[in-house]
Amino acid sequence: MAGAHATKTSWRLQEFVAHSSNVSCLALGRSSGRLLATGGEDCKVNIWGVNKSNCIMSLTGHNNPVECIQFNSSEEQVAAGSQSGSLRVWDLEAAKILRSLSGHKANITSLDFHPFGDYLASGSMDTNIKVWDVRRKGCVFTYKSHSQAVRYLAFSPDGKWLASAGDDSTIKLWDVTAEKTITEFTAHTAAVNIIQFHPNEYLLASGSSDRTIKLWDLEKFKMIGSSDVETGAVRCVAFDPDGGCLYSGASDSLRVYGWEPDRCFDVVPVGWGKVADMAICNNKLIGLSHQQTNVSSYLVDLTRVKRPGGAVVQPTEPSPKGSTLRRSYERPMTTCSGPQRVKQSSESERRSPSSEDEKEENESAAEIRNADDYHEIFQPRNHPIAMSTPVQRVEPTVVSAPPRPTATATTTTTTTHTVARPTASDPHPPGPQSPRAPPQATTAAAKPRAPPPINIIPSSRKEPIGLNVADFRPVGPEVLGDEEAQSQIKKGHDTMCVMLSSRQKNLEAVKAVWGSGDVKNCLDMAVAMNDRSIVVDLLNIVNLKPVLWKLDLCTSILPQIEELLQSKYEREERLQKCKACFKQLKNLSNVVKTKADQVGRHGSAFKELQLLLAPLDY
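Here my numbering is used: the first residue of the sequence shown is 865, the next is one more, and so on.
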């Protein structure tokens, strides 16, 4: 088999049974190309290694067949949508359900994670597009413009645009922060199945059931190229990582396209049938297809494929870009101080779910089927996963990109440099490098080298520079329907009930220890609960009995008092409210004085009220 690998351009890696019933969808991890998620009619989501036939993890919780799956950019999370319109997001490192989201009224047909923030876009058969805040567990906004099912969603590399494609043969481009449509492309004559942004330039590729691929200029908002009619509907396209060409997963073949002028560089026979997803990693293209309960994986050696230049491109040579220079995306600049995988939020930062969704999330489970593979991949993820063929290690690329222009296409000369993320096969984090010319040149080295002097001051932050989380919040007050308003009120009420029930249980536990007369153990228990409200309640009781204060008690309580003093929940808000109430009561006092002179029952009531308000005059 090794000899076959040395001479063949493409071959099948493996075929395995993925589910007990028919496989309905699958997705590859984009950053590494090593992880695979499959969804089936058995309502399960299974996680696999591309080069292994044993299931790493099985995720349950959906009550209907899974229709759509997607990894986030770091492959820490996976989202799955079902026929019922519900969404579930799992944390793969923690092996647990992260969020359960509901709001669509029909099948989920498309998903995409925001490249930087904790946001998830979903499209449905109900023709709506929703953007969810995964951390705060809510729908940020809803787009309603397609007339038929939304088949594919894709965020732009800078995270500011969202492209959607539907069965209505249209492609819509949305401004995420402004919550409005930028433009609409209508050249396709059948359903649009897939869209992909160019990794660097302002280009968008689309594949359709009309058997053509079209390219769109996102500066001038016009079509700049169209492929010849293929043998079947186009369901998979992917830009080369350096942006020099476009790959199309046709029926039983891989086609390599260029643009300006339109041309086909190569056609590689691959026996994958109807390919469902593709990913590129280390000059290898991985393609997946599924039939009934089986999933098949295929590998194409891109070093043996003809690409721009008219010959086979060596892996160490940068490929030329398109003939026309276009502006590039501006990505937030971040620095890495350790391995590539960093937890986005700790458990304490995640907001508690409402009791209604908490029940659904408790029913979801992540069953680890292969502990060795799980620990190798997720704990930590900086170890390379062995492929069936040797793959040459490629250093992370450094891309120089000018700032993203506005829709009016203004010119700019400012240049920023960004550090591309390493793949899962690269255990070394990238270091910042100086800008290079030309602006979109890429560099790759086979041997490790000493990092250049760091000219960036690293800092820890929860979101990248340039991404204003407030931009994703609704700008004005939303008009809610009766059902949505009732749902929000009920969820808030249920959440508060859960919080108060938890607090009551903690107080009962503290009370049981208090009854034994051991104040020190009682206070230690309250501190261990990590609930400041319990500590405050206990302090209110201890302060009523000064005789209870002992030296050992002080050593335990003083650190907690310091945390309370530094807490953002200060009494200043209460003071201002008290002052406002005092002012209103003073105004009422003057009115009561004039009414107190009345004769009869009302007069005596006002006199009594005047006596009660008298202390306010001192």
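All C-beta atoms in this analysis are idealised placements derived from N, C-alpha and C, irrespective of residue type, glycine included.
Keep in mind it's a predicted model, so treat the numbers as computed, not measured.
By the neighbour-count criterion, in which a residue is buried when 16 or more other Cβ atoms sit within 10 angstroms of its Cβ, A1055 is buried.
Residues of the same chain with their beta carbon placed closer than 8 Å to that of K1447 are lacking, with the five preceding and five following residues left out of the count. Pairing G1089 with Y983, the inter-Cα distance amounts to about 32 Å. Where V887 is concerned, the enclosing beta strand (DSSP E) starts and stops at V887 to L892. When the beta-carbon positions are compared, Y1121 and N1057 stay at least 8 Å from each other. Going by DSSP, S922 is part of the beta strand (DSSP E) stretching over C919 to T924.
For L962, the enclosing beta strand (DSSP E) stretches over residues K960 to L965. Cβ neighbours of D906 within its own chain (closer than 6 Å, five residues either side excluded): H883, S884 and S885. At the C-beta level, L1408 and L1387 stay beyond 8 Å of one another.
Our two residues, F880 and T973, have alpha carbons roughly 25 Å apart in a direct line.
By the CB criterion at 8 Å, R876 and G1135 fall inside the cutoff. Under a 10 Å Cβ-count criterion, H1466 is classified as exposed, with fewer than 16 other Cβ atoms of the shown protein chains found around its own Cβ. DSSP, read as helix, strand or coil, puts C932 in strand.
The beta carbon of N992 sits closer than 6 Å to those of T1006 and K1008, all from its chain and outside the five residues before and after it, given in chain order. If you ignore the 5 residues before and after V1139, its C-beta comes within less than 6 Å of the C-beta of C1100, G1113, G1151 and S1153, all in its own chain and listed in chain order.
With a beta-carbon spacing of about 11 Å, V914 and S1160 fall beyond the 8 Å limit used to define contacts. Contact check for E940 and S888: beta-carbon distance about 24 Å, past the 8 Å limit, so the pair fails to qualify.
Rounded to the nearest whole angstrom, the C-alpha separation of V1132 and D1346 is 56 Å. DSSP places L1429 within a helical segment (H, G or I) once states are collapsed to three. Measuring C-alpha to C-alpha distances from Q1012 to each of S1028, N927 and L1068 identifies S1028 as the nearest.
Annotation: V1169 is outside any alpha helix (DSSP H) and is labelled neither H nor E by DSSP. Considering only V1040, D1116 and V1093, the residue with the shortest C-alpha distance to C1128 is V1093.
When DSSP states are grouped into helix, strand and coil, S1397 belongs to the helix group. The straight-line gap separating the alpha-carbon atoms of N1064 and P1021 is approximately 8 Å. The straight-line gap separating the alpha-carbon atoms of H978 and V1040 is approximately 10 Å. Within a 10 Å sphere around the beta-carbon of S1380 sit fewer than 16 other beta-carbons, which makes this residue exposed. Counting only the Cα atoms, C919 lies some 47 Å from N1385. In the DSSP secondary-structure assignment, R876 is bridged to Y1162.
In terms of Cβ geometry, S1033 and T1050 form a close pair [threshold 8 Å].
The C-alpha of L923 lies about 13 Å from the C-alpha of G945. Under the criterion of beta carbons closer than 8 Å, A1018 and I1059 qualify as touching, at roughly 5 Å. Fully enclosed beta strand (DSSP E) runs of no fewer than 3 residues occupy 983–988, 992–997, 1002–1008, 1014–1019, 1025–1030, 1035–1039 and 1044–1049 of the region 973–1056, in order along the chain. With distances taken between CA atoms, W1038 lies nearest to F1085 out of R999, L1079, F1085 and H1052. Your pair L890 and T902 checks out as a contact, with CB atoms roughly 5 Å apart and the cut at 8 Å.
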